[in-house]
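Notes for the one structure printed next.
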Amino acid sequence: MRASEGRPLKTPRPLLLAAALALLTAVAFLPVLENGFVNLDDGLYVTRNFWVRKGFTLGGLAWLWTANVANNWHPLTVLSHMLDCQLFGVTPAGHHLTSLLLHLANVLLLFEVLRRMTGAVWRSASASALFAVHPMHVESVAWVAERKDVLSALFWIAAMGAYQRYAVRPSLGRYLLVALAMALGLLAKPMVVTLPLVLLLLDVWPLGRLRFEPGWGGRLARLAAEKLPLLALSAAASFVTLRFQTTSLVDLEIVPWKLRLANAAVSYAAYLGKLLLPRNLAVFYPLPLAIPAWKALAAAALLAALTALAVRRARQAPWLLVGWLWFLGTLVPVIGLVQVGRQAMADRYTYLPSIGIFLAACWGLPELARDRAGRRAALAAASILAILALTAVTRAQVRHWSDSVDLFEHALAVTQDNYVAHIGLAKALATRRDWSGAAVHFRAALTLRPGLREVRLGLNEALREEARRRRLHALRKAQSGDEKDG
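Written out as structure tokens, the structure reads:
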């Protein structure tokens, strides 16, 4: 079941479109090379990590296989940071360059895989362009500590490409290539656990291995059984991840099921909204203490309606169902049912799930303009304007990651009750020896979360240093006065 583009435009050489995608990605993200590290996990991964800073050493290579970095096990990601330190030291530009190059590789590989799967060059290029420049992806690219996003996505997309070859001519060797790519992705970030389910969706469209026709249930069972070895990899990775994240898991007494379910529904709707209209993006979105029932029910109703629409149109427009279920399914590990940390949601979690929405949009919208020249021209113009607008927003968002002060000031400007942003800003100001400013934000964080011992210690230090600064200033002023009198 290969998608047809109806030939509304002359199909260019794929190499030219790939070059255009590379240029677009560079325009959107090159400012990241001017950014520094930030005081949110960058220290754990790079700047204060003893083994990583040393680059490649025998001790470090042995350590990374059991290393617990930020309550995660991802040895391939740690290895990539070691490589950066080996090549660039602890100079931030080199680390940002690696993340940008990985993102660029993901864009180009996604274009090639979609083009080969569907035969639809323009639509594949459009989906890849959205993936390249969407502002929701800034966090994954501009945050050095989120190297795991762009690295794991590289192997995810490579697994898709290997699976396409397997689907054309199944063989053990080709299946093992899929499994290898998935295993490498899991070693970079455990979010790759949902890949087998996405491959099953690709069997429906665009690979056409599963059609909704009489006897499709048996075919589904066989294709699902085909994914069992990959699901075993997912199960093993999930087990290891939960073992390493034990200290980060939030107890049900603190965040009960009612709040988790409500936040999941609201977050799904919020992710969708930010993908359609990316505004008020922040490094941290605090989990609210309560969510109004009407808000959760409205979000759940929206999700149910969109799911019903996708199911209803499954035969005529399978890309809608595949794209929508891709989005819903790949967010499951991070939607908050297993609550890790105190965030309600995170931009970085959409790096892979957003592809599903881009597929649904880039294949669905052109169908509305089929055989209507005026509509096709309008759609093409609107698409170009949208991509240019997203590029501009992304460039602006990248600059918010220039340093910790800019990052957390922006987060405070676009969110409410953001105690993490107050803490991050307080620490950044303390590093600049702005003790009075640090004290203000430590106090604000304590107002929102009174029991945080780390914040109390930070506030006490800021107050001591500010008092010491004032005493020194008064002493110097007095000495200056004595010299004048003399």
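Be aware that the sequence shown starts at 144, since it is given in our numbering, and climbs by one per residue.
For every residue, glycine included, the Cβ atom is placed at its ideal position computed from N, Cα and C.
Q. Hey, out of 483, 253 and 310, whose CA is closest to residue 266's CA?
A. One-based indexing of the sequence shown puts residue 266 at position 123. Comparing Cα-Cα distances from residue 266 to each of 483, 253 and 310, the minimum goes to 253.
Q | Three-state class that DSSP yields for residue 540 in the structure shown | A | Counting from one through the sequence shown, the residue named residue 540 turns up at place 397. Note: residue 540 maps to helix in three-state DSSP.
Q) So, residue 553 versus residue 457, is the Cβ gap smaller than 8 Å? A) By 1-based counting over the sequence shown, the position of residue 553 is 410. By 1-based counting over the sequence shown, the position of residue 457 is 314. Not closer than 8 Å, so no.
Q: Using DSSP bridges, identify the partner residues of residue 392.
A: For the purposes of this step, residue 392 is taken as the residue at position 249 of the sequence shown. 483.
Q. Under a three-way DSSP split, which group does residue 614 fall into?
A. Here residue 614 refers to the residue found at position 471 of the sequence shown. If DSSP states are grouped into helix, strand and coil, residue 614 belongs with the helices.
Q: Return the chain-ordered list of same chain residues with a C-beta closer than 7 Å to the C-beta of residue 318, the five sequence neighbours on each side being excluded.
A: On the sequence shown, position 175 is the one that residue 318 refers to. Within the same chain, residue 318 has close Cβ partners 309.
Q: For the alpha helix (DSSP H) containing residue 246, list its first residue and its last residue.
A: To locate residue 246, count along the sequence shown from 1; it is residue 103. Per DSSP, residue 246 belongs to the alpha helix (DSSP H) from 235-261.
Q.
Whole angstroms are fine: how far does the CA of residue 158 sit from the CA of residue 531?
A. Here residue 531 corresponds to residue number 388 of the sequence shown, with the count starting at 1. Here residue 158 corresponds to residue number 15 of the sequence shown, with the count starting at 1. Spanning the two alpha carbons is a distance of roughly 21 Å.
Q | Runs of alpha helix (DSSP H) wholly within the stretch 375-459 (minimum 4 residues, chain order) | A | 400-419 and 436-455
Q. Applying the criterion that 16 or more other CB atoms from any shown protein chain within 10 Å of the CB defines a buried residue, is residue 387 buried or exposed?
A. Position 244 of the sequence shown, counting from 1, holds the residue named residue 387. Buried.
Q) Just curious, the alpha helix (DSSP H) that residue 217 is in, first and last residue? A) As a first step, residue 217 must be located in the sequence shown, where it is residue number 74. Neither: residue 217 is in no alpha helix (DSSP H) and is coded neither H nor E.
(Q) For the stretch 503-521 against the stretch 379-398, do three or more pairs of beta-carbon atoms, one drawn from each stretch, fall closer than 8 Å, so that the two count as touching? (A) no
Q) Based on Cα-Cα distance, which residue from 464, 167 and 306 lies nearest to residue 257? A) Residue numbering aside, residue 257 sits at position 114 when the sequence shown is read from its first letter. Looking at the Cα atoms, 306 is the closest of the given residues.
Q) Can the beta-carbon of residue 407 be found closer than 8 Å to that of residue 479? A) Counting from one through the sequence shown, the residue named residue 407 turns up at place 264. Counting from one through the sequence shown, the residue named residue 479 turns up at place 336. Yes, the pair counts as a contact, with Cβ atoms nearer than the cut-off.
Q: Return yes when the Cβ of residue 250 is within less than 8 Å of the Cβ of residue 196, no when it is not.
A: Locating residue 196 in the sequence shown gives position 53, counting from the first residue. Locating residue 250 in the sequence shown gives position 107, counting from the first residue. No, the Cβ-Cβ distance between residue 196 and residue 250 is not below 8 Å.
Q: Decide if residue 451 is buried, meaning its Cβ has at least 16 other Cβ atoms within 10 Å, or exposed.
A: Position 308 of the sequence shown holds residue 451. Exposed.
Q: Compare the Cα-Cα distances from residue 391 to each of 280, 612, 211 and 175 and report the closest residue.
A: Position 248 of the sequence shown holds residue 391. Of the listed residues, the one whose Cα sits closest to residue 391 is 211.
Q.
Can you tell me whether residue 356 is buried or exposed? The criterion is at least 16 other CB atoms within 10 Å of its CB, across all chains shown.
A. Taking the sequence shown and counting its residues from 1, the one referred to as residue 356 is at position 213. Label assigned to residue 356: exposed.
Q) Among 239, 448, 321 and 415, which residue has its Cα nearest to the Cα of residue 501? A) As a first step, residue 501 must be located in the sequence shown, where it is residue number 358. Considering only alpha carbons, the answer is 415.
(Q) Taking its Cβ as the centre, do 16 or more other Cβ atoms sit within 10 Å of residue 611, making it buried, or is it exposed? (A) Locating residue 611 in the sequence shown gives position 468, where the first residue counts as 1. Residue 611 comes out exposed.
Q: Going by DSSP, name the residue or residues bridged to residue 488.
A: The residue labelled residue 488 in the question sits at position 345 within the sequence shown. For residue 488, which the question treats as bridged, DSSP gives the partners 428.
Q.
Taking 6 Å as the limit between beta carbons, can you name the residues of its chain near residue 332, skipping five residues before and five after?
A. As a position in the sequence shown, residue 332 is number 189, starting the count at 1. Result list for residue 332: 217, 291 and 295, in chain order.
Q. Whole alpha helix (DSSP H) runs in the stretch 323-359 with 4 or more residues, listed along the chain?
A. 338-347
**Q.** Sequence-distant residues of its chain with Cβ nearer than 6 Å to residue 505 (five each side left out)
**A.** If you number the sequence shown from 1, residue 505 lands on position 362. For residue 505, where only same-chain residues beyond five positions count, the Cβ hits under 6 Å are 266, 269 and 270.
Q: Please report the Cβ distance between residue 602 and residue 589, rounded to the nearest whole angstrom; I am assuming they are in contact, meaning their Cβ atoms lie under 8 Å.
A: Stepping through the sequence shown from its first residue, residue 602 is reached at position 459. Stepping through the sequence shown from its first residue, residue 589 is reached at position 446. With 8 Å as the limit, residue 602 and residue 589 qualify as a contact, their Cβ atoms being about 7 Å apart.
Q | Touching by the beta-carbon criterion (3+ pairs, under 8 Å), the stretch 338-351 and the stretch 274-288 | A | no
**Q.** C-beta contact flag for residue 239 and residue 176 at 8 Å
**A.** Residue mapping note: residue 239 aligns to position 96 of the sequence shown, counting from 1. Residue mapping note: residue 176 aligns to position 33 of the sequence shown, counting from 1. In this structure, residue 176 lies closer than 8 Å to residue 239 by Cβ.
Q: In the DSSP assignment, find the unbroken alpha helix (DSSP H) run with residue 194 in it and report its ends.
A: Counting from 1 along the sequence shown, the entry for residue 194 is found at position 51. Looking at the DSSP string, the run of the alpha helix (DSSP H) that includes residue 194 is 193-196.
Q: Check whether the stretch 368-378 touches the stretch 457-469, counting contact only when three or more Cβ pairs, one atom from each stretch, lie closer than 8 Å.
A: no
Q. Rounded C-beta distance between residue 298 and residue 342? I'm assuming under 8 Å.
A. As a first step, residue 298 must be located in the sequence shown, where it is residue number 155. As a first step, residue 342 must be located in the sequence shown, where it is residue number 199. That pair is no contact at about 13 Å.
Q. What first and last residue would you give for the alpha helix (DSSP H) that runs through residue 562?
A. The count along the sequence shown starts at 1 and reaches residue 562 at position 419. First-last of the alpha helix (DSSP H) with residue 562: 562-574.
Q.
Helix, strand or coil, according to DSSP, for residue 594 in the structure here?
A. As a first step, residue 594 is located in the sequence shown; it is residue number 451 there, counting from the start. Residue state, collapsed to three classes: coil.
**Q.** Assigned exposure category for residue 437 - 16 Cβ within 10 Å defines buried
**A.** Looking up residue 437 in the sequence shown gives position 294. Burial call: exposed.
Q: Identify the continuous alpha helix (DSSP H) that holds residue 188 and give its terminal residues.
A: Taking the first residue of the sequence shown as 1, we reach residue 188 at position 45. Here residue 188 belongs to no alpha helix (DSSP H), and DSSP marks it neither H nor E.
Q. Under 8 Å between the Cβ atoms of residue 334 and residue 428?
A. Position 191 of the sequence shown, counting from 1, holds the residue named residue 334. Position 285 of the sequence shown, counting from 1, holds the residue named residue 428. No, Cβ-Cβ distance for residue 334 and residue 428 is not below 8 Å.
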